[in-house]
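**Q** Got a structure for you, written out below as structure tokens; questions coming shortly.
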Amino acid sequence: MRSMRLTLCAGAVVAAACTPLAYAADDGVSVTPSSPAPGSDIQLRATGCTDQAGTAKSAAFVTDAQLTGQGGGVLLGETRVPTSLTPGTYAIKVSCDGDDGKVGGTVVVVPQGGSNAAVPASPVAPVQAGGGGTARFASVDAKATGPGTKQAVIGLVLASVAAVAVALRSARRGRDSRD
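All the letters of the sequence shown, read from the start, carry residue numbers -24 to -1, 1 to 155 under mature numbering (1 follows the signal peptide of the UniProt record, and there is no 0).
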């Protein structure tokens, strides 16, 4: 019987040690990635609100994050950490249910190249995406590229043929009307 109690207590200690601390320490607000670098996009998850909408505010955000309800008292949203932000710990306050700062938490911003260095927050070079085959045209200045010599010659030939056709038709109509 004594070994059974010892086993149960040891199991409870192991379970408590393995429980994620982000939820316990953040009083209802969790951030993904847990330690963003300046310039990173982050997702927020707030629990403890009964409304279907809320706002998360922090000095660590470029703009306030608009949160929307997912049912069960969970609000989700996203925002970005300013690129000029000094690394450190910043408070997060969520306003919901008509109460400013009803739910709170913290975000730890790490220096650039910190724990999330392997995954850039946004593209680091121009990305030619979308539009199928038109992506190349979106990156080319239309004023810098225009018709070449070949297109100009073809245009002049076509305009000349059209002018001759109009002149001949006019001459024929003029002759037919005199007769």
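Ideal placement from N, C-alpha and C gives every residue a C-beta, glycine not left out.
Keep in mind that this is a model prediction, so the values were computed, not measured.
Helix, strand or coil for Asp76? Go by DSSP, reduced to three states.
**A** Of the three classes helix, strand and coil, the one that applies to Asp76 here is strand, per DSSP.
**Q** Take the Cβ of Ile68 as the centre, count every other Cβ of all protein chains shown within 10 Å, and call the residue buried at 16 or more, exposed below.
**A** Buried is the call here.
**Q** Is the Cβ-Cβ distance between Leu43 and Ala32 less than 9 Å?
**A** Against a cut-off of 9 Å, the Cβ pair of Ala32 and Leu43 comes out as a contact.
**Q** Is it true that the CB of Pro9 sits closer than 9 Å to the CB of Val38?
**A** Going by C-beta atoms, Val38 is not nearer than 9 Å to Pro9.
**Q** From what residue to what residue does the beta strand (DSSP E) around Thr31 run?
**A** Where Thr31 is concerned, the enclosing beta strand (DSSP E) stretches over Ala29 to Lys33.
**Q** Buried or exposed, going by whether 16 or more other CB atoms sit within 10 Å of the CB of Ala135?
**A** Exposed: under 16 other Cβ atoms inside 10 Å.
**Q** State the DSSP-derived secondary structure class of Ala36, mapped to helix, strand or coil.
**A** Note: Ala36 maps to coil in three-state DSSP.
**Q** Find the nearest neighbour of Cys72 within the set Thr65, Tyr66, Leu61 and Leu51, judged by alpha-carbon distance.
**A** For Cys72, the nearest C-alpha among the options comes from Leu51.
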